[in-house]
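**Q**
Numbering (my numbering), first residue to last: 45 to 354.
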């Protein structure tokens, strides 16, 4: 499989393990797209190369593993970028810029509420049409130990939540522009409520319905006299950004208006890769580093504690 992937993308050398690669190569950066429940055993080893590392979301499968990774990052003197690709979508960049501007100007009043809706749907959207597949068996892999403060059933629920909804946990903080805490977990598992550091309310709605051939993820950021609404495409949709709608209704006789800016035909996964390269070159900061990503795991633990009572 490795040789077939290398042939398609023009990769000159293939190694059977990260140990082989690190011993043979001087690397500018490392992309380690692995199951997140083995980040704790793998990522600290990669960081010994003292090159920037990119991993998939989340940072790890537990707070303990995440803290281990963060210590390794600090010891390495380099940085770790976590793959929250939604931050790199042109629509998210546009929405975040407008939200920050409105908070500063106050022209639509105070930020009051953030609502993120994430129904289950077709997240692939044709993105695997050219996937290179194999029936080769997986090699034997090392995995992180489960969290010490959860039994098996609780960890299963936690792991499922992190796998499916950690993007929205991270996006909530990104749009708020500040830390937040979980204040309520509905027993149905459909809704969690949050309150930001400055007192802004928010909710994440988790698959209140599902779609079969569509993706309807959105985030409504409400001010007193308007909103910024962000719609995001399926994660693997190619050459397609999200969309932004802005309502301005300042009052005092001003004409209300809805704006919808045209965005470049760039998808978030590609832009995320470009952002990683730009960070390696020192041209920009990584969109989300390990220290912030650890906060997502803490928020997830708050939610599970409220949901399960343990």
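Glycine is no exception: its CB is placed at the ideal position from the N, C-alpha and C atoms.
1. Check residue 222 in the structure and name its three-state DSSP category.
2. Measuring only the C-alpha atoms, how far is residue 122 from residue 82?
3. In the DSSP assignment, find the alpha helix (DSSP H) that holds residue 270 and state where it starts and stops.
4. Less than 7 Å between the C-beta atoms of residue 259 and residue 127, yes or no?
5. Taking the alpha helix (DSSP H) that residue 347 belongs to, which residues open and close that run?
6. By the DSSP assignment, the alpha helix (DSSP H) with residue 128 in it spans what residues?
7. Looking at the unbroken alpha helix (DSSP H) that takes in residue 84, where does it start and where does it end?
8. Comparing C-alpha positions only, which one of 345, 315, 156 sits nearest to residue 286?
9. Smallest Cα separation from residue 158: which of 245, 202, 294?
10. Would you list, in sequence order, the uninterrupted beta strand (DSSP E) runs of no fewer than 3 residues that lie entirely inside the region 298-331?
11. Got a sec, what are the start and stop residues for the alpha helix (DSSP H) residue 254 sits in?
12. Report yes or no: do the region 247-254 and the region 265-283 share at least 3 C-beta pairs separated by less than 8 Å?
13. When the Cα atoms are used, what is the spatial distance from residue 345 to residue 202?
14. If we count Cβ pairs, one from each stretch, closer than 8 Å, do we get three or more for the region 84-91 versus the region 207-218?
15. Going by DSSP in three states, residue 178 sits in which element: helix, strand or coil?
16. My guess is that residue 125 and residue 333 are in contact by the Cβ rule of under 8 Å, so how many angstroms apart are they, rounded?
17. Is residue 188 close to chain C? Criterion is C-beta to C-beta, closer than 7 Å.
18. Classify residue 175 as buried or exposed, calling it buried when 16 or more other Cβ atoms lie within 10 Å of its own Cβ.
19. Mapping the DSSP letters down to three states, classify residue 143 as helix, strand or coil.
20. Over the uninterrupted alpha helix (DSSP H) stretch that includes residue 28, give me the two end residues.
21. Quick check: what's the CA-CA separation for residue 231 versus residue 299?
22. Can you tell me the Cα-Cα spacing of residue 233 and residue 114, whole angstroms?
23. For residue 329, which residues in the same chain have their Cβ closer than 7 Å to its Cβ, ignoring the five residues on either side in sequence?
24. Look up residue 162 in the DSSP assignment and give the residues it is bridged to.
25. Starting from residue 287, trace the beta strand (DSSP E) both ways and give me its first and last residue.
26. Helix, strand or coil for residue 94? Go by DSSP, reduced to three states.
27. For the beta strand (DSSP E) that contains residue 60, what are its first and last residues?
28. Kindly indicate the opening and closing residues of the alpha helix (DSSP H) around residue 49.
29. Pull up the distance between the alpha-carbon of residue 84 and that of residue 320, whole angstroms please.
30. Would you call the region 222-231 and the region 132-142 in contact, with 3 or more CB pairs under 8 Å?
31. With a 10 Å radius around its C-beta and 16 neighbouring C-beta atoms as the bar for buried, classify residue 146 as buried or exposed.
32. If contact is defined by three or more beta carbon pairs under 8 Å, each pair taking one atom from either stretch, is the region 336-354 in contact with the region 180-198?
33. Could you tell me whether the region 70-79 touches the region 95-115, using the rule of 3 or more Cβ pairs below 8 Å?
**A** The short version:
1. coil
2. 20 Å
3. Where residue 270 is concerned, there is no enclosing alpha helix (DSSP H), although the beta strand (DSSP E) it sits in stretches over 270-276.
4. no
5. 334-352
6. That residue, residue 128, is in no alpha helix (DSSP H); it is neither H nor E in DSSP.
7. 83-91
8. 315
9. 245
10. 301-303
11. Not the alpha helix (DSSP H): residue 254 falls in the beta strand (DSSP E), residues 245-254.
12. no
13. 7 Å
14. no
15. coil
16. 6 Å
17. No chain C is present in this structure, which holds just one protein chain.
18. exposed
19. helix
20. The question about residue 28 has no answer, for the chain in this structure spans 45 to 354.
21. 43 Å
22. 30 Å
23. 323
24. 250
25. 287-292
26. coil
27. That residue, residue 60, is in no beta strand (DSSP E); it is neither H nor E in DSSP.
28. 46-53
29. 21 Å
30. no
31. buried
32. yes
33. yes
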